Amino acid sequence: MPVSSQTLKWLKWSVLWLGLELIFPKILPAENTAFSLQPQDLIIEQQPRATTSARRSHLQEQQDRIAPERFDLQRYPVTEANETKWRQTLWATALLEPQSPIVIEAIAQILELPLNPNLSPSQAKTVQMAMQVGTQLYLGNPQKLVLIGDRFQNIVKNSPDPEWSVMALSALVQAGLKPSLAQTALQQLQSRFQGVDNLAFKVALQDISEQLKPSSLPPLQDLLAWQIAPSSPQLYVFCRPNRGLLCRTVLKDGNGQFRRETSQPQAPLLSVPLLTRSLHGLRWNFVRGQTPQGIYRIEGTMPRPSATYFTAYGQFPLVKVFMPFESGVQNFIATQPDQMIGALNSYYSLLPSSWQQYAPIAQTYWAGRLGRSLIRIHGSGESTSFFVNNQRFPQSDGWNPAIGCLSAQEIYDQTGQLTKADMPNILKTLAEVNGGKIEGYMIVVEIPATSKQGTNQPISLAEIEAALQK
1191 MPVSSQTLKW
1201 LKWSVLWLGL
1211 ELIFPKILPA
1221 ENTAFSLQPQ
1231 DLIIEQQPRA
1241 TTSARRSHLQ
1251 EQQDRIAPER
1261 FDLQRYPVTE
1271 ANETKWRQTL
1281 WATALLEPQS
1291 PIVIEAIAQI
1301 LELPLNPNLS
1311 PSQAKTVQMA
1321 MQVGTQLYLG
1331 NPQKLVLIGD
1341 RFQNIVKNSP
1351 DPEWSVMALS
1361 ALVQAGLKPS
1371 LAQTALQQLQ
1381 SRFQGVDNLA
1391 FKVALQDISE
1401 QLKPSSLPPL
1411 QDLLAWQIAP
1421 SSPQLYVFCR
1431 PNRGLLCRTV
1441 LKDGNGQFRR
1451 ETSQPQAPLL
1461 SVPLLTRSLH
1471 GLRWNFVRGQ
1481 TPQGIYRIEG
1491 TMPRPSATYF
1501 TAYGQFPLVK
1511 VFMPFESGVQ
1521 NFIATQPDQM
1531 IGALNSYYSL
1541 LPSSWQQYAP
1551 IAQTYWAGRL
1561 GRSLIRIHGS
1571 GESTSFFVNN
1581 QRFPQSDGWN
1591 PAIGCLSAQE
1601 IYDQTGQLTK
1611 ADMPNILKTL
1621 AEVNGGKIEG
1631 YMIVVEIPAT
1641 SKQGTNQPIS
1651 LAEIEAALQK
């Protein structure tokens, strides 16, 4: 039977965790919340899954899943019977990024299916994952992977599905499509789907428009001085638009004082790097896309992960952060119970007046409305060499990408012993500034560089200090 538009929309958002059982298994239940840090949370344990032999076995398992015969669409057509096989194959492709013609041709063939208005639910899930992985491969080498680029062009022009059409255009724009051509394609999509009531489509169109003509950043000093709620700590995460660069964190306590490395007022700001890059290179408004900009509510931690979850999240508790409209939060607005459900103006009222017309800062509002959820701050038990596309981002060497979360560094030696980890420091500091409870707000913001040279460098503490002094 054909897939209804409502069912297809559900499929596209529910596919968030499908196929990620090996690296990003389904996150622990959101109801499990610990607000106070416990001594056992920071105990360091040897990890059998981080040993050389365990990593080799895990790598071999993924390599087996990109064997040439698995990309044979005559042998394994996109059907319900082959859904699991394609999910595993496409996920392994995302991890290892094989470049052989048989891989590229198979994905290109799957990317012909978005032109079919009568896909089954199973076919739609495979196509959705192929769109995500296809975007990742194409962004890695658009000059070489012209075949995938051509498929995206065809989807933009001819797919009956508005979300896949705009997702394809987003990939093309990120890959460097000329602004004039992108603007024309944007207008054609608006015309072709005129009258279609699809929020995901409209938000994606607006995001592309923002990329083509970025808004001017409001005064950073206003955001640094602002308090969302009285006595609530605020964790700022400052990123460059290039999410392949590390983001810089600074923490303000409930009294409005920024944490520094020592008690001396002239000491450097305390800062821990985080990576907010999407493995697939997707924009913030898509499932598995990069961490959205905007306000998050911090409420407690997820339990210390078991061995099953180690490779995905490391060995320390995960910090829970919530977007507007996301279930599971106790108080998105500190004075009101439950999640924030309201008009955009209500969200903007949480920001200083100079920021209330700045569209990018509302990404969490729209991402929450679209159903994105379960974004966390966490480590990673996987070797950084495991994700092949890490090689394209040498500036963030030592950190692993995620599919929306904020990734902290966590490194192990060949025997599974921890050698470096930032999560303990993050957890302890968040607890210290709030009387032992991990609670407050997080604000993620992209700060464009003021010079061409700075576009390939993370934001510096000097830039933040300069804004604080204004």
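Note that the numbering used here has the sequence shown beginning at 1191, numbered continuously upward.
The beta-carbon is built from N, C-alpha and C at its ideal position, and this holds for glycine as well.
This structure is a prediction, so every number in the text was calculated from the model and none was measured.
Item: Quick test of your reading: Leu1309 and Leu1303, contact by CB under 8 Å. State the CB separation rounded to the nearest angstrom.; Value: 6 Å
Item: Is DSSP giving Ile1616 helix, strand or coil here?; Value: helix
Item: Looking at the secondary structure, which residues open and close the beta strand (DSSP E) in which Leu1301 lies?; Value: Premise fails: Leu1301 is in no beta strand (DSSP E) and is neither H nor E.
Item: Just to confirm my understanding: we take Thr1279, look at its own chain, exclude 5 residues before and 5 after, and list those with CB closer than 6 Å. What are they?; Value: Arg1255 and Arg1260
Item: Which residues does DSSP list as the beta-bridge partners of Tyr1631?; Value: Gln1424 and Arg1487
Item: Please report how far the alpha carbon of Gln1322 lies from the alpha carbon of Pro1409, in whole angstroms.; Value: 35 Å
Item: Quick one: grab the DSSP three-state call for Glu1653.; Value: helix
Item: Using 7 Å as the threshold, is the C-beta distance between Pro1621 and Asp1612 below it?; Value: Looking at the sequence itself, residue 1621 is Ala, so the reference to Pro does not match. No.
Item: Taking only three categories from DSSP, how would you classify Arg1467?; Value: coil
Item: May I ask you to verify whether the region 1396-1407 touches the region 1485-1493, counting CB pairs closer than 8 Å and requiring at least 3?; Value: no
Item: On the criterion of 16 or more Cβ atoms from any shown chain inside 10 Å, does Gln1483 qualify as buried, or is it exposed?; Value: buried
Item: Alpha carbon to alpha carbon, how far is Leu1617 from Ser1570?; Value: 15 Å
Item: Just the Cα atoms here: how many angstroms apart are Lys1238 and Ala1244?; Value: Here the sequence assigns Pro to residue 1238, which means Lys is not the residue at that position. Whole-angstrom Cα-Cα distance: 7 Å.
Item: Is the separation between the beta-carbon of Pro1352 and that of Val1386 shorter than 7 Å?; Value: yes
Item: Give the DSSP bridge partners of Ser1226, in chain order.; Value: Lys1627
Item: Throw me the rounded Cβ distance for the Arg1467 and Phe1583 pair, which I believe falls under 8 Å.; Value: 7 Å
Item: If we count the other Cβ atoms within 10 Å of its Cβ and call it buried at 16 or more, is Asn1590 buried or exposed?; Value: buried
Item: Determine the DSSP secondary structure at Leu1198, reduced to helix, strand or coil.; Value: In this prediction, Leu1198 has a pLDDT of 49, which is less than 50 and means its spatial position is unreliable; nothing more can be read from the coordinates.
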